[in-house]
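In the working numbering, the protein residues as written are 58 to 261. From the three backbone atoms N, C-alpha and C, an ideal C-beta is built for every residue, glycine too. Some notes on the structure that comes next.
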């Protein structure tokens with residue numbers, strides 16, 4: 058009788074041990090399924106909501122350095138924290154294999170009723186053109202003038218062409234005549250469109 062009790066006790070321990078191991082394996086399996094679902098959800102989401110021409114951290118740091126130590130050095134004391142932000146967009150405008158850099162300012166310090174200040178730099182940080190009273194978005198047409206892409210912006214309800222001449226672009230759309238067409242071409246690149254071509258905003 059005693060031997061039977063010992064055998065029954067050992068069997069019970071073995072059963073409980075197996076049940077516990079099965080429960081542990083089931084728990085691990087459920088965790089693996091959850092991880093798999095979680096990973097699927099992450100990879101199916103957009104990796105970045107901004108256009109790739111606007112997110113390079115090294116370029117952003119170079120621009121910050123340029124603004125703080127050179128271009129806006131004398132203005133920093135007047136700038137509020139909300140003024141100290143910018144966007145950029147890298148694009149090759151003259152097909153030389155080197156991308157120029159547009160800088161967009163958006164705060165009231167740089168903007169008025171007619172538009173905002175934009176800068177165009179070469180890859181070395183030298184200013185090509187300072188645009189005044191200019192509104193986003195800016196369309197970059199495949200058509201060239203003097204080897205550089207024609208830029209198209211909207212001013213006072215109509216489109217204006219900004220053409221390159223004598224080493225720079227026309228800088229003030231408000232004084233230019235209406236463009237000979239009413240809309241950009243279907244092949245134009247679009248910069249700083251907050252709905253369809255959103256650029257990342259950086260602080261300096």
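| Query | Result |
| --- | --- |
| Leaving out the 5 sequence neighbours to the left and right, which residues in its chain are closer than 6 Å to residue 161 when beta-carbon positions are compared? | 144, 175, 249 |
| Tell me whether the stretch 236-253 and the stretch 194-209 touch, counting them as touching only if at least three CB pairs, one residue from each stretch, are closer than 8 Å. | yes |
| Taking the straight line between their C-alpha atoms, what separation do you get for residue 212 and residue 218? | 10 Å |
| Going straight from the alpha carbon of residue 209 to that of residue 131, what length do you get? | 31 Å |
| Exposed or buried, which one is residue 146 when buried takes at least 16 other CB atoms within 10 Å? | buried |
| Report buried or exposed for residue 150, applying the criterion of at least 16 other Cβ atoms within 10 angstroms of its Cβ. | buried |
| What's the gap between the Cα of residue 106 and the Cα of residue 139? | 22 Å |
| Taking the CB atoms as reference points, tell me whether residue 191 and residue 230 lie closer together than 7 Å. | yes |
| Go ahead and pull the three-state DSSP assignment for residue 120. | helix |
| CA-CA distance, residue 109 and residue 205? | 22 Å |
| Is the beta carbon of residue 141 less than 7 Å from the beta carbon of residue 259? | no |
| Within 10 angstroms of the Cβ of residue 181, are there 16 or more other Cβ atoms? Answer buried if so, exposed if not. | exposed |
| Looking at the structure shown, is residue 229 part of a helix, part of a strand, or coil, going by DSSP? | coil |
| In angstroms with no decimal places, state the Cα-to-Cα distance between residue 84 and residue 154. | For residue 84, the pLDDT reaches just 46, beneath the cut-off of 50, and the residue's location in the model is therefore unreliable, although a value from the coordinates is still provided. If you take the alpha carbons of residue 84 and residue 154, they lie about 56 Å apart. |
| My assumption, with CB atoms under 8 Å, is that residue 207 sits in contact with residue 225. Please give the rounded CB distance. | Incorrect: roughly 14 Å between the Cβ atoms, too far for contact. |
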